[in-house]
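Residue 5 in the working numbering sits at position 3 of the sequence shown; the count goes up by one each step and never skips.
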Amino acid sequence: MPGPIYHVGATAMCPHGGQVTTISSNTRVLVSGMPAATLADSSVVAGCAFQLPGPTPSPCVTVQWLMPAARVLVNGQPVLLQTSPSLALAATRAPQGPASVTVNQTRVIAT
Numbered sequence: 003m004p005g006p007i008y009h010v011g012a013t014a015m016c017p018h019g020g021q022v023t024t025i026s027s028n029t030r031v032l033v034s035g036m037p038a039a040t041l042a043d044s045s046v047v048a049g050c051a052f053q054l055p056g057p058t059p060s061p062c063v064t065v066q067w068l069m070p071a072a073r074v075l076v077n078g079q080p081v082l083l084q085t086s087p088s089l090a091l092a093a094t095r096a097p098q099g100p101a102s103v104t105v106n107q108t109r110v111i112a113t
């Protein structure tokens, strides 16, 4: 499914409003002046407000991207798309729901 390429300057949020930051090792391929994000990059969450009832809090801490682009690679890794499904995870790796990309570039499309 085609979609705009996700980059490290894009704005994404966990299902509870936490800010997702993607840390990329890519320095060669830029989209809107920012490194394109790949499946190998890590995405961390800050400011997730989700708290389970009880003594153990479980806010989102990372995002796992599930399906990258099929045809576009950066340094041998498939790029992430704005439409790529994702899953926010707690520190215990418990799934918390899908992350959503709210602001992204729209000029470069990949499949």
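Note that the Cβ used here is the ideal one computed from N, Cα and C, for glycine as well. Predicted, not measured: the structure shown is a model, and the values here were computed from it.
For residue j and residue i, believed in contact at Cβ under 8 Å, the rounded distance
| i | j | result |
| --- | --- | --- |
| ILE111 | PRO37 | Their Cβ separation, rounded to whole angstroms, is 17 Å, which puts ILE111 and PRO37 out of contact at 8 Å. |
| VAL31 | VAL76 | 5 Å |
Within 8 Å, strictly: CB atoms of residue i and residue j
| i | j | result |
| --- | --- | --- |
| VAL81 | THR13 | no |
| VAL33 | GLN84 | no |
| ALA72 | THR24 | no |
Contacts around residue i, its chain only, beta-carbon distance under 8 Å, and the 5 residues preceding and following it disregarded
| i | result |
| --- | --- |
| THR64 | SER44, SER45, VAL46, VAL47, ALA90, LEU91 |
| PRO87 | TRP67, LEU68, MET69, PRO100 |
| LEU54 | SER60 |
Limits of the beta strand (DSSP E) - the one that residue i falls within
| i | result |
| --- | --- |
| THR64 | 62 to 67 |
| ILE25 | 21 to 25 |
| PRO97 | 97 to 99 |
| THR85 | Note, THR85: premise wrong, no beta strand (DSSP E); not H, not E. |
| MET15 | 13 to 15 |
| ALA48 | 44 to 48 |
| SER102 | 102 to 105 |
Cutoff 7 Å; reference residue i; Cβ partners in own chain excluding five residues on either side
| i | result |
| --- | --- |
| LEU41 | TRP67, PRO70, GLN79, PRO80, LEU82 |
| VAL22 | ALA14, MET15, CYS16, SER45, VAL47, VAL65, ALA101 |
| ASN28 | PRO37, ALA38, THR40, VAL76, ASN77 |
| PRO97 | LEU89, LEU91 |
| GLY35 | none |
Cβ neighbours of residue i in the same chain (closer than 6 Å, five flanking residues each side left out)
| i | result |
| --- | --- |
| CYS50 | CYS16, HIS18, GLY20, PRO61, CYS62 |
| SER26 | VAL10, PRO37, ALA39, ASP43 |
| ALA93 | VAL63 |
| VAL74 | VAL81, ALA112 |
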